[in-house]
Amino acid sequence: MKRNRNETNGYEQWGGYMEAKKIKLEKQFIEKATSDGNNVKSQIFKGISIFINGYTMPSSDKLKHIMMENGGVYHHYHRPGLTTHIIASNLPTAKFKLLKQYKIVKPEWISDSLKEQRLLDYRNYLLFIDKSDQPKIDFSIRAKNASEPTFLSEFYNNSRLHLISTMATTFKQLVNNTRKKNQTDYPGRRRLKKWIEQNEVKDILSQDTEFHIKKIIMHIDMDCFFVSVGLVERPDLCGLPVAVTHAKGNSSMKREGVDREAEFGLYVKRWRGDDENDNETVQEIRPQSTKRDMIDEKDSMAEIACCSYEARKLGIKNGMLVGQALKICPILKLIPYNFEQYKKVAYTLYTHIMNDYTLDVEAVSCDELYLDCTQILETTKASPLELATFLRKEIKEKTQCPCSTGLGSNCLLARLATKKAKPNGQFYLESDVIIDFMKNINIFDVPGIGRTLGHKLSTLGISTCGELSGLSLQTLQSEFGNKIGVSLYKHCRGEDNRKLNYDYKPKSVSAEVNYGIRFQNKENADNFVRQLCNEIEKRLDDVDMIGKTITLKLMIRNSEAPKESAKFLGHGFCDHITKSSSLSKSTSSSTLIFQVVNKIMNQLDIDPTELRGIGIQVNKLENRTLKKTGCIKNFLSNMKSDSKQHQNLSNKNTDKQLLRSITESKSQQSSSAKNPHNTALISTEYNKSESIVDVVLHKSENYNSKRQSTITQSASNISSHQSLINIKMSQVDPTFLDALPADLRQEIENELKANEPQTPLTIEHNTATMKISMTEESSKLYQHVHVDQMKEFVEEWVATENEPKLCDNLMVSEYLCNLIKDKKIEDAYEIIRKLYRVIKNKNNLTWKQSYFFIMKNVQDIMLNVYNAKMKVESSF
DNA sequence: ATCCTCCCCTAC
DNA sequence: TAAGGTAGGGGAGGAT
Numbered sequence: 083m084k085r086n087r088n089e090t091n092g093y094e095q096w097g098g099y100m101e102a103k104k105i106k107l108e109k110q111f112i113e114k115a116t117s118d119g120n121n122v123k124s125q126i127f128k129g130i131s132i133f134i135n136g137y138t139m140p141s142s143d144k145l146k147h148i149m150m151e152n153g154g155v156y157h158h159y160h161r162p163g164l165t166t167h168i169i170a171s172n173l174p175t176a177k178f179k180l181l182k183q184y185k186i187v188k189p190e191w192i193s194d195s196l197k198e199q200r201l202l203d204y205r206n207y208l209l210f211i212d213k214s215d216q217p218k219i220d221f222s223i224r225a226k227n228a229s230e231p232t233f234l235s236e237f238y239n240n241s242r243l244h245l246i247s248t249m250a251t252t253f254k255q256l257v258n259n260t261r262k263k264n265q266t267d268y269p270g271r272r273r274l275k276k277w278i279e280q281n282e283v284k285d286i287l288s289q290d291t292e293f294h295i296k297k298i299i300m301h302i303d304m305d306c307f308f309v310s311v312g313l314v315e316r317p318d319l320c321g322l323p324v325a326v327t328h329a330k331g332n333s334s335m336k337r338e339g340v341d342r343e344a345e346f347g348l349y350v351k352r353w354r355g356d357d358e359n360d361n362e363t364v365q366e367i368r369p370q371s372t373k374r375d376m377i378d379e380k381d382s383m384a385e386i387a388c389c390s391y392e393a394r395k396l397g398i399k400n401g402m403l404v405g406q407a408l409k410i411c412p413i414l415k416l417i418p419y420n421f422e423q424y425k426k427v428a429y430t431l432y433t434h435i436m437n438d439y440t441l442d443v444e445a446v447s448c449d450e451l452y453l454d455c456t457q458i459l460e461t462t463k464a465s466p467l468e469l470a471t472f473l474r475k476e477i478k479e480k481t482q483c484p485c486s487t488g489l490g491s492n493c494l495l496a497r498l499a500t501k502k503a504k505p506n507g508q509f510y511l512e513s514d515v516i517i518d519f520m521k522n523i524n525i526f527d528v529p530g531i532g533r534t535l536g537h538k539l540s541t542l543g544i545s546t547c548g549e550l551s552g553l554s555l556q557t558l559q560s561e562f563g564n565k566i567g568v569s570l571y572k573h574c575r576g577e578d579n580r581k582l583n584y585d586y587k588p589k590s591v592s593a594e595v596n597y598g599i600r601f602q603n604k605e606n607a608d609n610f611v612r613q614l615c616n617e618i619e620k621r622l623d624d625v626d627m628i629g630k631t632i633t634l635k636l637m638i639r640n641s642e643a644p645k646e647s648a649k650f651l652g653h654g655f656c657d658h659i660t661k662s663s664s665l666s667k668s669t670s671s672s673t674l675i676f677q678v679v680n681k682i683m684n685q686l687d688i689d690p691t692e693l694r695g696i697g698i699q700v701n702k703l704e705n706r707t708l709k710k711t712g713c714i715k716n717f718l719s720n721m722k723s724d725s726k727q728h729q730n731l732s733n734k735n736t737d738k739q740l741l742r743s744i745t746e747s748k749s750q751q752s753s754s755a756k757n758p759h760n761t762a763l764i765s766t767e768y769n770k771s772e773s774i775v776d777v778v779l780h781k782s783e784n785y786n787s788k789r790q791s792t793i794t795q796s797a798s799n800i801s802s803h804q805s806l807i808n809i810k811m812s813q814v815d816p817t818f819l820d821a822l823p824a825d826l827r828q829e830i831e832n833e834l835k836a837n838e839p840q841t842p843l844t845i846e847h848n849t850a851t852m853k854i855s856m857t858e859e860s861s862k863l864y865q866h867v868h869v870d871q872m873k874e875f876v877e878e879w880v881a882t883e884n885e886p887k888l889c890d891n892l893m894v895s896e897y898l899c900n901l902i903k904d905k906k907i908e909d910a911y912e913i914i915r916k917l918y919r920v921i922k923n924k925n926n927l928t929w930k931q932s933y934f935f936i937m938k939n940v941q942d943i944m945l946n947v948y949n950a951k952m953k954v955e956s957s958f
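If you read the first sequence in the numbering used here, its first letter stands for residue 83, the second for the next number, and so on.
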């Protein structure tokens, strides 16, 4: 099925979903890169050819290195007959059945052999104890948690919630972008018209109503989306109780440190609002979370992401734990996730509707959307239900999945109508029946009423909208707050004046992980936080925004909670901490974000081993403004040139040199009041600069000073702190300080002021124009400009120039080529990714050509050096 | 009044 | 084993 897919369709071209793929390719690519330049150290593994299946510890990368340095062979694919051993830490049953005739060995075989400098007997390292039909996996091998460098991508590849979330954002963006098209032809409307004529189902009424067509909103919701998609390839399971989950059955390991009963008890206690010293009031019994009922010691704690209507009839609910579900319904069929397929079906759904019917769509999630049908009904003269019937028929044909639709005069009514229509049905809630209809609606079906609000209402004796409408606005407001009061008051009467929102503008960007967080030390934690910061930067870049407020969110094991959580690698029963910090200048820089987060972490002084969840959030977003026109010149005005400095910087990175570079660059750019002569020296020279090359050269010192002061400010714990104690206030890039939160800035300033010199440093400036050939220039550039700086620069370049200059194209490609020659393709890849992202964002033909031009050069040199092309985006 | 921070709630 | 994310709205209470 996958093989037959047309590879050049819109889906392939469409960004956002390619992340997993990219990560995979990147890995291959790094593997390829590191396969060169090996030096053979021994022949321990002579005659051994391994293929690595799945995630291992040590990583496949490391194992590969070990093999290659010690006479062994590494296969990227399993090659029966050639591969002598399969290395795996874990194997799914299906795979095991395929491979069980081969030697499947734990990776420790390799690492231990290396340690002992001789080939050990693999039979002592077999992954399975016997070769029966079920793999008996030795679970004592190290579990994968957030200390592992590949954890985050692995987690994202398997997290349904992450998927749901990112898909929602992606489709909102898709709607945004599609609406920019000037579409006039809607083939679906023509088909609908034809269908009505042929079927002569037209009812007279609809013709009358066209004179006074009211706004009609349609709500479309796929029926139990994940299950429906899954059943396309498993038609044999149609009609049965089916659930989508990670678990394969109802068995889990008994692990050390787990006390399920104790942990569940803590949740119940918290949910009930238990409090030792509240004995005078009647205890308010909140509904217990029934989620953990009936779970015994070894029942699966995996969650059911989605279950079929047959399963629902038997009492299974989404979110239920597999252990409990199987007790309620032992015949429940469990099927695995298929993330790629969900994306495809959702994409089909959206493009079908938007290409063929209307652009007036609000995306709610991957499987749910609102549609303003006014225009469609006007042009086709169809009745609302005719439209619904026809559209549902087409969606079913296109996606193979059923959906339900509700129609009404506002979003709320359309939604409630859908609820009534489900499964696989449709319902038009007409105005004259609204009052009766609403009377019997269960409060929990009203959007915005969840378990807490719903429960609070139940304690007031209210379970339907009819009863809710008996409460005065005043009561509702004093009980629930002003806004929520109003919304309850209106919603229970079927009123909702919210407009469809077509323009998606993100207000916050966040990344959080509350699974698999097990750190042994602060370094583990820091590394992970850094990854989250990178993730945030990437997401901000994707939407071309920067943000001002950074919030850190931590989950920490509650002191009463068992050491290990009931769920494998779960967060267990935790205390929650959030703390935010406002920058004085918006940013998307992961480095800067990390500084802030790190600072907060240090303040909180949390034991890293007790962390169970970490999240970072950026709020107060604004567009990355393209600054003023001629901003290249602005850019220049922050810079200064001094060939001597370049010299200094090229001997890279000893503390002393960095210190010197700070000293020099800072004194040049310190405020004009302090050093007027320096400012003068920044000179007209820059205004003559035509090429970005100059700019980059100039900015490099500035950048390094930034990096250095960055290190300085992470105050309390960093060892380099001491060696930098001599940094002076006037030496620190003020733009860096500006971007820090006030308290942090104050702290650094105070510290730095203490070191202020008696007399200002004087620096010699060489303002002679550099007249060197492009090649010399670019190699110089390459030597002096740090990769991160180049990334930053590429971004600035694309954002601020209307058209790329040839010399800048050359400069960038030569820089990249230099990197590749130096075998630093990871760095090159990073820059290319950035370049791709910003150009894609810019969506301008000349820039795209510029990308292709640069990539042509890059691929040529790749072929030259590696005899292979770099796997990167080749279309926009 | 309006904003900010730290929550909590809800939805998918 | 298991993959407990993410964005938005809003309230309480204090600062401005």
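Backbone N, C-alpha and C fix where the C-beta goes; we use that ideal spot for every residue, glycine too. Note that the structure is a prediction, hence the values are computed from the model and not measured.
What's the C-alpha gap between P140 and I186? 16 Å
Pairwise C-alpha distance: Q871 and N609: 21 Å
Which residues bound the beta strand (DSSP E) around D626? Per DSSP, D626 belongs to no beta strand (DSSP E) and is neither H nor E.
Distance check for L898 and Y948, CA to CA, integer angstroms please. 14 Å
Going by Cα to Cα distance, which pick from D449, T882, F958 and I413 is closest to V427? D449
Mind checking which residues open and close the alpha helix (DSSP H) that includes M893? L888 to K903
Out of E896, G490 and G598, point me to the one whose CA is closest to I298's CA. G490
Have a look at Q813 and S671 and give me their C-alpha separation to the nearest angstrom. Residue confidence for Q813 is low, a pLDDT of 39 falling below 50, so the modelled location carries little weight; the figure read from the coordinates is stated next. Q813 and S671: Cα-Cα distance of roughly 22 Å.
Given this structure, state the Cα-to-Cα distance separating H330 from K922, to the nearest angstrom. A small fix is needed here, since residue 330 is Lys in this sequence, not His. Rounded to whole angstroms, K330 to K922 spans 41 Å at the Cα level.
According to DSSP, is K953 helix, strand or coil? coil
Sequence-distant residues of the same chain with beta carbon closer than 6 Å to Q840, five excluded per side: Unreliable placement is indicated for Q840, whose pLDDT of 31 sits below 50; no coordinate value is reported for it.
H244 - DSSP class collapsed to helix/strand/coil: helix
Mind checking which residues open and close the beta strand (DSSP E) that includes D657? C656 to T669
May I ask you to report which of helix, strand or coil DSSP gives C389? In the structure shown, C389 sits in a strand (DSSP, three-state: E or B).
Pair within 8 Å by beta-carbon distance, I192 and V155: no
Rounded to the nearest angstrom, how far is the Cβ of L651 from that of G598, given a contact under 8 Å? 5 Å
Coarse secondary structure for K104, derived from DSSP in three states: Because K104 sits at a pLDDT of 35, beneath the cut-off of 50, its placement in the model cannot be relied upon, and the following sentence gives the value as read from the coordinates. Note: K104 maps to helix in three-state DSSP.
From the DSSP secondary-structure annotation, give me the bridge partner or partners of L966. Nothing can be reported for residue 966: it is not among the residues displayed for the chain, which extend from 83 to 958.
Please state whether DSSP places L202 in a helix, a strand or coil. coil
Beta-bridge partners of L693, as assigned by DSSP: I638
Is the distance from the Cβ of F655 to the Cβ of E345 below 8 Å? yes
Give a single yes or no on whether L498 has its beta carbon closer than 7 Å to a heavy atom of the ligand NAD. With respect to small molecules bound, the structure shown includes none, and the ligand NAD cannot be examined in it.
Look up H301 in the DSSP assignment and say whether it is helix, strand or coil. strand
When you compare the CB positions of C547 and K572, do they come within less than 8 Å of one another, or not? no
Is there contact here, the region 475-482 with the region 495-502, by at least three beta-carbon pairs under 8 Å? no
Could you name the residues of the same chain whose beta carbon sits closer than 8 Å to that of V591, not counting the 5 residues immediately before and after it, in chain order? Excluding sequence positions up to five before and after V591, its CB lies within less than 8 Å of the CB of I618, R621, L622, V625, M627, G629, Q699, V700 and L703, all in the same chain and listed in chain order.
Pairwise C-alpha distance: F935 and K953: 16 Å
Inter-residue Cα distance where the pair is T430 and T260: Roughly 14 Å separates the two Cα atoms.
Taking DSSP as the reference, what is the three-state secondary structure of N135? strand
Can you tell me whether T541 is buried or exposed, with buried defined as 16 or more other CB within 10 angstroms of its CB? exposed
State the start and end residues of the unbroken alpha helix (DSSP H) segment that holds T487. Premise fails: T487 lies in the beta strand (DSSP E), C485 to G490, not in any alpha helix (DSSP H).
If you count every other CB in all the chains shown that lies within 10 Å of the CB of L614, and 16 or more means buried, which is it? buried
Report, in whole angstroms, the separation of the C-beta atoms of I632 and I675, which I expect to be a contact under 8 Å. I632 to I675, Cβ: 6 Å. Contact.
Roughly how many whole angstroms lie between the Cα atoms of C485 and S895? Going by the C-alpha atoms only, they are around 50 Å apart.
Ignore the nearest five residues each way along the sequence and tell me which others in N152's own chain have a CB closer than 8 Å to its CB. Cβ within range, chain order: V122, K123, S124, Q125, I126, F127 and L196.
Buried or exposed, going by whether 16 or more other CB atoms sit within 10 Å of the CB of E642? exposed
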